[in-house]
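Note that this note's numbering numbers the sequence shown so that position 39 is 39, with each residue one more than the last.
C-beta atoms are modelled at their ideal positions from N, C-alpha and C, and glycine is treated no differently.
Here the structure is laid out as structure tokens; the discussion comes afterwards.
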Amino acid sequence: MPVHIPSQPLNLRRLISAMAGHVVGTEIQVHEELGSTSDHVRGLGMAGHPHGLVVFAESQTAGRGRRENRWSSEPGRDLMFSLLLRPEAGLEFWPRLTTLAALAVCHAMESVAGIQALIKWPNDVYLQDRKGAGILAETFTGGAGAFMVLGIGVNVNTDSYPLELRDIATSLRLVSGREVDRTALAVAMLKALDQQVKRLGVGFEESVAEAQQRSWLIGKTLTARMDGQEVRGTATGLNHDGHLLVRDERGMVLTLSSAEQVRPLA
Ligand code: BTN
Numbered sequence: 001m002p003v004h005i006p007s008q009p010l011n012l013r014r015l016i017s018a019m020a021g022h023v024v025g026t027e028i029q030v031h032e033e034l035g036s037t038s039d040h041v042r043g044l045g046m047a048g049h050p051h052g053l054v055v056f057a058e059s060q061t062a063g064r065g066r067r068e069n070r071w072s073s074e075p076g077r078d079l080m081f082s083l084l085l086r087p088e089a090g091l092e093f094w095p096r097l098t099t100l101a102a103l104a105v106c107h108a109m110e111s112v113a114g115i116q117a118l119i120k121w122p123n124d125v126y127l128q129d130r131k132g133a134g135i136l137a138e139t140f141t142g143g144a145g146a147f148m149v150l151g152i153g154v155n156v157n158t159d160s161y162p163l164e165l166r167d168i169a170t171s172l173r174l175v176s177g178r179e180v181d182r183t184a185l186a187v188a189m190l191k192a193l194d195q196q197v198k199r200l201g202v203g204f205e206e207s208v209a210e211a212q213q214r215s216w217l218i219g220k221t222l223t224a225r226m227d228g229q230e231v232r233g234t235a236t237g238l239n240h241d242g243h244l245l246v247r248d249e250r251g252m253v254l255t256l257s258s259a260e261q262v263r264p265l266a
């Protein structure tokens, strides 16, 4: 059995001081254990907490991923956090936040660990062809109006994965060969998110262009399910909203707005 030594605990004081004057991180909480940071933030959103609130947990007992998957992580070694957003832009623009969050995660990982991070459209960040982070974007309506919860899980200092995950998951530690200062990475994440969230209003075209440059999926052959039918094609790019363009076997270009049924072929 591998022995997992906890990393340094997240330093709340350092986080608060680094994020002074930023919108993201206007309120920051660090919990030893929560069910799910996203469920916790949803409750705080319903109770009227502000745009920019961030909640970290050292450990989650009911961490959630997309499609009702579980998200589990060794306590104290990775990053699990959720951000409350109340964007001024119309609701139709909110799905863009997934692209913006994925870019922020790539920037933070690269600046702190010096590795290359790519986006597996739309919600995953890949390091050396394996998943290094996942994003769960959820919209709710509560007493103080609609809000979004961006839940982000980053594989940071985990140094081994069970056999069944070894080909699909990795961590910054495994890719860079070095233990990462999680508080420094958390600060970099929040600063990058602060920058990117502003682009929901102005500059989204540039973000799409960058997401396209950083795409792990573009150029790959994939299958996707559309209107109940399975299509096979090649990912060719992103449109102005960050949706995936796929050229099918007849040469028709399809636009995919959700990744639910997208499977890259090896
Ligand atoms: C995915 O890849 O399917 C998305 C994973 C999102 C996991 C994070 S961890 C912090 C936050 N709390 C949760 O319960 N889920 C998200």
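Is it buried or exposed, residue i, if we count other Cβ atoms within 10 angstroms and call 16 or more buried?
{"i": "Asn69", "result": "exposed"}
{"i": "Asp227", "result": "exposed"}
{"i": "Asp167", "result": "exposed"}
{"i": "Ala62", "result": "exposed"}
{"i": "Gln213", "result": "exposed"}
{"i": "Ile16", "result": "exposed"}
{"i": "Ser73", "result": "buried"}
{"i": "His49", "result": "buried"}
{"i": "Val202", "result": "exposed"}
{"i": "Gln116", "result": "exposed"}
{"i": "Lys198", "result": "exposed"}
{"i": "Gly134", "result": "buried"}
{"i": "Leu244", "result": "buried"}
Using the C-alpha atoms, what's the distance from residue j back to residue i?
{"i": "Glu58", "j": "Ser7", "result": "10 Å"}
{"i": "Gly142", "j": "Leu163", "result": "42 Å"}
{"i": "Gly35", "j": "Phe56", "result": "11 Å"}
{"i": "Arg67", "j": "Trp121", "result": "15 Å"}
{"i": "Val41", "j": "Val23", "result": "16 Å"}
{"i": "Phe204", "j": "Leu91", "result": "15 Å"}
{"i": "Asp159", "j": "Asp181", "result": "14 Å"}
{"i": "Phe93", "j": "Ser111", "result": "28 Å"}
{"i": "Lys131", "j": "Ile152", "result": "13 Å"}
{"i": "Ala224", "j": "Thr236", "result": "14 Å"}
{"i": "Val105", "j": "Met252", "result": "33 Å"}
{"i": "Met46", "j": "Ala144", "result": "7 Å"}
{"i": "Leu12", "j": "Asp194", "result": "18 Å"}
{"i": "Ala102", "j": "Arg250", "result": "31 Å"}
{"i": "Leu265", "j": "Asp129", "result": "13 Å"}
{"i": "Met1", "j": "Tyr161", "result": "The predicted model places Met1 with a pLDDT of 49, which falls under 50 and marks its position as unreliable, so this point remains unresolved."}
{"i": "Val30", "j": "Gly76", "result": "12 Å"}
{"i": "Val246", "j": "Leu256", "result": "7 Å"}
{"i": "Thr26", "j": "Thr99", "result": "22 Å"}
{"i": "Ile239", "j": "Ala209", "result": "Sequence check: residue 239 is Asn here, not Ile. Their backbone Cα atoms lie some 9 Å apart in a straight line."}
{"i": "Gln60", "j": "Ala108", "result": "22 Å"}
{"i": "Arg96", "j": "Thr37", "result": "21 Å"}
{"i": "Leu136", "j": "Gly52", "result": "16 Å"}
{"i": "Leu118", "j": "Lys220", "result": "14 Å"}
{"i": "Ile28", "j": "Ser82", "result": "10 Å"}
{"i": "Ala184", "j": "Val231", "result": "43 Å"}
{"i": "Pro9", "j": "Leu217", "result": "35 Å"}
{"i": "Phe147", "j": "Arg178", "result": "37 Å"}
{"i": "Ser188", "j": "Leu85", "result": "Note that residue 188 is Ala in the sequence shown here, rather than Ser. Those two C-alpha atoms are separated by around 18 Å."}
{"i": "Gln196", "j": "Leu79", "result": "19 Å"}
In the DSSP assignment, find the alpha helix (DSSP H) that holds residue i and state where it starts and stops.
{"i": "Glu206", "result": "Phe204 to Gln213"}
{"i": "Val41", "result": "Thr37 to Met46"}
{"i": "Val105", "result": "Arg96 to Ala113"}
{"i": "Gln195", "result": "Arg182 to Val197"}
{"i": "Ile16", "result": "Leu12 to Ala18"}
{"i": "Leu172", "result": "Leu172 to Ser176"}
Tell me which residue opens and which closes the beta strand (DSSP E) that residue i is part of.
{"i": "Ser82", "result": "Leu79 to Leu85"}
{"i": "Ala146", "result": "Gly145 to Val154"}
{"i": "Leu91", "result": "It is not in any beta strand (DSSP E) - Leu91 carries neither H nor E in the DSSP assignment."}
{"i": "Ala224", "result": "Thr221 to Met226"}
{"i": "Ala235", "result": "Gln229 to Leu238"}
Check the DSSP bridge columns for residue i and list the partner residues they point to.
{"i": "Leu163", "result": "Note: Leu163 sits in no beta bridge, so no partner."}
{"i": "His31", "result": "Ala57"}
{"i": "Val253", "result": "Arg247"}
{"i": "Val125", "result": "Ile119 and Ala133"}
{"i": "Pro9", "result": "Bridge partners of Pro9: none, in fact."}
{"i": "Arg263", "result": "Thr223"}
{"i": "Arg70", "result": "Arg64"}
{"i": "Gly142", "result": "Gly145"}
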